[in-house]
Amino acid sequence: MRRQIEGSRAIAETVARCRPQVVPAYPITPQTHIVEGLGAMVKAGTLAPCEYITVESEFGAMSAAIGASAAGARTYTATASQGLLYMAEALFNASGLGLPIVMTVANRAIGAPINIWNDHSDSMSQRDCGWVQLYAEDNQTAVGLHVLAFRLAEELSVPVMVCVDGFVLTHAFEPIEVPDQESVDAYLPPYRARQVLDPDEPVTIGAMVGPEAFTEVRYLAHHQLEQAIEHFPRLADEYAALTGGSLAAVSTYRVDGARTVVLALGSVSGTIKDAVDEIDEPVGVVTLTLYRPFPVDELRTVLTAAEHVIVLERAFAPGAGGVVSADVRTALAGRQTRVSTVVAGLGGRAVTKASIQAMLADAAANRLPELSFLDLRTDIVEEELARRDSAHRTGPHSQGVLRIAGVPGSRIG
Amino acid sequence: MTTQGVKYYQVGSRAVGNRLLDPALRTEQASLERSNSLNSGHRACQGCGEALAARYVVDAAMRATNGRLVAVNATGCLEVFSTPYPESSWQLPWLHSLFANASSVATGVAAALKATGQDDVRVLAQGGDGGTVDIGMACLSGMFERNDDVLYVCYDNEAYMNTGVQRSGATPPAARTATTQAIGLEPGNPFGTGKDMPRIAMAHEIPYVATATVSELHDLEAKVERAMSMHGARYLHVLVPCPLGWGSAPADTVLLARLAQRSGLFPLYEAEHGEVTSSVPIRGQVPVEEYLRPQKRYAHLFGDPPRTDILSRLQTIADRNIARYGLLPEEA
Amino acid sequence: MDKPFAITLDVKSSLANHTGTWRSERPVYVDGLPPCSHACPAGEQIQAWLYAAEDGSYETAWRQIVNDNPFPAIMGRVCYHPCETACNRGELDTAVGINSVERFLGDEAIKQGWQLPASAATTGKRVLVVGAGPSGLSAAYHLRRLGHDVEIHEAASQAGGMMRYGIPTFRLPRDILDIEIARLLETGITLRLDARIADLAETMRTGHFDAAFLAVGAQLSHRAYIPAGQAARILDALSVLSSAADGEQPKLGRTVVVYGGGNTAMDAARTARRLGAEDAIVVYRRTQVQMPADELELQEALDEGVRVKWLRTITQVDEGTLKLEKMQLDDNGVPQPTGEFEELAADAVVLALGQDVDRALLDTVPGIAIVDGVVQIDDAMMTGCDGVFAGGDVVPSTRSVTVGIGHGKRVARHIDEWLRHTTARPPNQLGTRTPVAFGQLNPWYFNDAPHAMRPRLDLARRTADFTEVVGGLDAETALYEARRCMSCGNCFGCDNCFGVCPDNAVLKLVGAHSYAIDYDYCKGCGLCAAECPSGAIEMEPERS
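Residue numbers (the numbering used here), protein chains in the order written: chain A, 110 to 522; chain B, 1370 to 1701; chain C, 77 to 620.
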């Protein structure tokens, strides 16, 4: 039954139906509504048995999750932005130990300058931490991905991060169908840990491994993570059969016959689809839900006909350029396909249909550079760069830019 | 007239065991049934106080819990010397995650055990002083204030020994470390620095806080036993001499722990809900010099001329402990 | 459980890592020589019997004693306990009251009727023991245990020698003496009383003896020439003690002077007090430091009102008065006359200047050499006459009951070897090893527990009669006292080594209070040795 509810609420209810046994929670905008919702359900007794732990930090949250998972409990937490970075060390540890923790990341920019709005800088910064990364295009997908995430995590004994755009999705009220308890129970069997802290069968978990075996451990972790690519379609099919919900590791829109394809992760994909609907030239859209492991073969297949792939990214690697585009280029290695990186929507800047259409027009006119920043206010940066050229020592880059702009250059879109 | 039976035993209460003692009064370490939770083959240095203390503590906890115990370990010497692939020395379910998070991981384990209905299984977290008073302090404080059902044990050897003897927040004044060299006007670790973790724990008003050493085994085991009889957050701070970091003879590990206690520099006490409930009186007080002199980390205090000014400041610290915890009660 | 590679390990897997290879020194368990045993003239394994007594195994403890010394109850009364002087515990608080525990065990044996061990199979050899004093009885006991036929010939009408005729009853009640001698004889020893031997060779021939042990003692009081008036009353200490022992009441007068500084002098002075002397004064020519009497016996004498005049010699004895010359120690500590004299009122003078050996029998034995009044013996305690051995007060040595008993034990072994024509005997380890010193112990582990003083007779009662002065310990106190033993150099099962090893490399052996080092894992840190309370573990350089 579809209900008009907030995305965070839908996620919280979905997670609750997955029957997590331990939820360590530390609040950070824009993740708060999710953990608040779970906390209320535990307090009310509607989510039981479940231990809800109000930890002292995200590092503590992930650490408690590690302990809980290793002790055999289905474990969930949520975070965002700085919080994700604060638990970075523990993220690598959770995956290294093969603990099937599921975590929602309410995507948000990383400071400085501090910024609470949405982009993918946080989760992209942790793309190599050994977790599965799933990006939700909309709240209905987010709901489904959470259910699938538990199943995937526990089948493979790897942790899964479900990335949901902060505010854009987490705070959006829209009609969402949360799968019923029976369906979720049917889909998700009770958790049986691959290895567990058990006095009846004591083992040492978390040994120190030296050069003689570290590479093999890493190789095996990589291999294990890659299994997600094979597992995903089967789990998505099962999910669809039970709930009618549609999930795909890679989904396509109007790619047939399109020489240009825009590839994106998360909610911006909807705007891009709207934008391409309104232009004459056929432009396809590929939405990447499974980012880690990277579904190389599937991408190569869906991009077989594409001559120009524009990767629209909500994050970038300073000093290098695109993050996702680098992976796409690797995936298309050996082909003549042109790949452009368009960095868009940083720190909550709205990505509008008009801007996308303008960008696509540039692309059609062969004016799109290999790396560009959508809606970059060139007047500001040019003035600032000119000022810098004339003064050796200036304040922080961001302060200079804000002084020129005069106003916070952002709004929630 | 009341009569009193012979209570005097050949080695009193200080030896590990004694054939003359009722087995129930002997230490767990005297028992053939002890768990040997930390088993032979570990790679701790000769005479390692931490290895000794870890077995003492965990074995006692194993006895108290009837073997239903899970241990979580912070990064550090104890973790490194006990679990280098492919050999583990642990004989109980044991988990190492990171340096700073042993307390939080233990919190998670405890939560999982509760949520999965394994109420009989108890949780012990352990780490060195660096992992406890410095990098792990935030998580530990959280574990305390939430009153999570974990006994956290700090094996305090008063510096970062695993990385090569650098100063920690538990390094005592005047001690030489690799980052507080014995040079300059105030050689060694500066006075007026460092933190008193047991008192910080007490400030959280958790159910139980205690200090112990490897020299007072009966006392240590009684404290573990007491801790395990309670639920909620409990903290045990164990002084563990480190031959490597302290520059002491491996055979002197127990002796130095004893002298630390007898000098007053390391007071033994228990506190419940923030209030000190008991302390172990010093038997045979010794001046701090007696404790400091065998340790090379204090060698700069015993040069020619000796730094009597610094020794006197250290004695003042011992005297303050003695007064604060009533370590020298009036003779009856 | 599906354990991931390398990250998760099995328990016990570290046993594959043999850390024993790190070792440069290895701990070894030793059985050190406790200073008490080292000092014991009777060669008692004191630490061993205290160990048994500590857990109340009194019979085991007693049997350990009588392995070396058949007279625990007598020892517990008359021994001057050099063991206690040597006891390392004296450096911690006060020495263990070994002697009082021995007495407790001796008395307990009498109470319980414990019997001495049975003898070995008979050898068919016959040994003649001349003299039923401490050394003779001891030798007879040990020879009998070795399977020999033993016959004791005693000149006196009762057995005991100096134990009967030289030690006052307030130190050694005669019932105790009688019981322990009777128990000894019950092992199958023949005792002939009033059997003074005139010709040793003849006696051996007619009695078909294969060997003889001369233990005739030194019973002639040493006479010193002192000018004396006709009415002067001068007695010798042995006859005073002997008469008192026989229940006679020799009349000594109100003021009695005892001349001499040994234990016999103390016994004589204390006996004089009991015989009615209001004033008993010991005159000794040196100082207290040089006095040969046992410190404890001097103290008991002083407690009973005996006075001592130091640095005096008696130069003249007349009726009712003595003339004393003051002495002065020269630079060598030798007393020299000063020419200063003083008078002292005395009804009698008792001479306690030592005893001499009666040569009557000895002179009949061919080959025996007598030098300075004592019989010369070789390392095997044999005299110049083949098959004739000698010991106790007739040979050069300290003269005490305990020494005599020790001689008896030693000579029994030598005679046995001689009879069996064996010479290969184990080296006398007690003689060559160094006793464990206090510094080798870890005294921290021993509680401060004061010496349990044996109850003493009330002073006023003491001098009134010959009741035994020193009482025995009760069982609880004896147990307490035994437990004060620090077990120098010997493991007593405290589990410290088992506990303090950071590598679990000390194994506790099931069913025994003993341990073993697991050298596969021992890193040689030395903690077990350092924390061993009794110094029973030593670190030895590792053999490469």
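Every residue, glycine too, gets a C-beta built ideally from N, C-alpha and C.
Exposed or buried, which one is residue i when buried takes at least 16 other CB atoms within 10 Å?
| i | result |
| --- | --- |
| A/F323 | exposed |
| C/T95 | buried |
| C/Q191 | exposed |
| C/A92 | exposed |
| C/Q505 | With a pLDDT of 47 at C/Q505, under the threshold of 50, the modelled position of that residue is not reliable, and the figure given next carries that caveat. Looking at its Cβ environment, which holds fewer than 16 other Cβ atoms inside 10 Å, C/Q505 is exposed. |
| B/Y1454 | buried |
| B/L1390 | buried |
Would you verify that the beta carbon of residue i is, or is not, closer than 8 Å to some beta carbon of chain B?
| i | result |
| --- | --- |
| C/D86 | yes |
| C/S90 | yes |
| C/T95 | yes |
| A/V164 | yes |
| C/K79 | no |
| A/A180 | yes |
| A/E167 | no |
Does residue i have its Cβ less than 8 Å from a Cβ in chain C?
| i | result |
| --- | --- |
| A/I210 | no |
| A/L421 | no |
| A/R236 | no |
| B/P1619 | yes |
| B/L1586 | yes |
Taking the DSSP output, what are the residues bridged to residue i?
| i | result |
| --- | --- |
| B/T1549 | B/T1546 |
| A/V452 | A/E422 and A/F482 |
| A/E160 | A/V131 |
| A/N216 | A/D274 |
| C/A424 | C/V332 |
| B/L1705 | An answer regarding residue 1705 of chain B cannot be provided, because it is not within the stretch 1370 to 1701 covered by chain B. |
| C/I593 | C/V582 |
| A/S92 | Not covered by the structure: residue 92 of chain A. The range shown for chain A is 110 to 522. |
| C/A196 | BP columns for C/A196 are empty, so no partner. |
| C/S297 | C/Q431 |
| C/F465 | C/F289 and C/M458 |
What separation, rounded to the nearest whole angstrom, lies between the Cα atoms of residue i and residue j?
| i | j | result |
| --- | --- | --- |
| C/G677 | C/A424 | With chain C running from 77 to 620 in the structure shown, residue 677 of chain C is simply not present. |
| C/C163 | C/L372 | 16 Å |
| C/D454 | C/T397 | 48 Å |
| A/R303 | B/G1436 | 23 Å |
| B/G1563 | B/M1530 | 17 Å |
| C/V332 | C/V382 | 10 Å |
| A/S117 | A/E160 | 20 Å |
| B/P1656 | C/A606 | 21 Å |
| B/G1361 | B/A1629 | The requested residue 1361 of chain B does not occur in the structure, where chain B is confined to residues 1370 to 1701. |
| C/P103 | C/Y595 | 9 Å |
| B/T1742 | B/E1456 | Since the first residue shown for chain B is 1370 and the last is 1701, residue 1742 of chain B is missing from the structure and cannot be characterised. |
| C/A215 | C/I265 | 11 Å |
| C/P111 | C/A171 | 11 Å |
| A/A350 | A/T361 | 21 Å |
| A/A357 | A/E347 | 12 Å |
| A/I114 | A/D274 | 16 Å |
Any beta carbon of chain A sitting closer than 8 Å to that of residue i?
| i | result |
| --- | --- |
| B/N1690 | no |
| B/T1476 | yes |
| C/I83 | yes |
| B/Q1684 | no |
Against residue i, what residues of chain D qualify as contacts under a CB-to-CB distance less than 7 Å, listed in chain order?
| i | result |
| --- | --- |
| B/N1405 | Annotation note: the requested chain D is absent from the structure, which comprises protein chains A, B and C. |
**Request:** Tell me, please, whether the region 294-305 of chain A touches the region 1675-1687 of chain B by the rule of three or more beta-carbon pairs shorter than 8 Å.
**Result:** no
**Prompt:** Would you say the region 300-318 of chain A touches the region 331-347 of chain A, given that touching needs at least three Cβ pairs under 8 Å?
**Reply:** no
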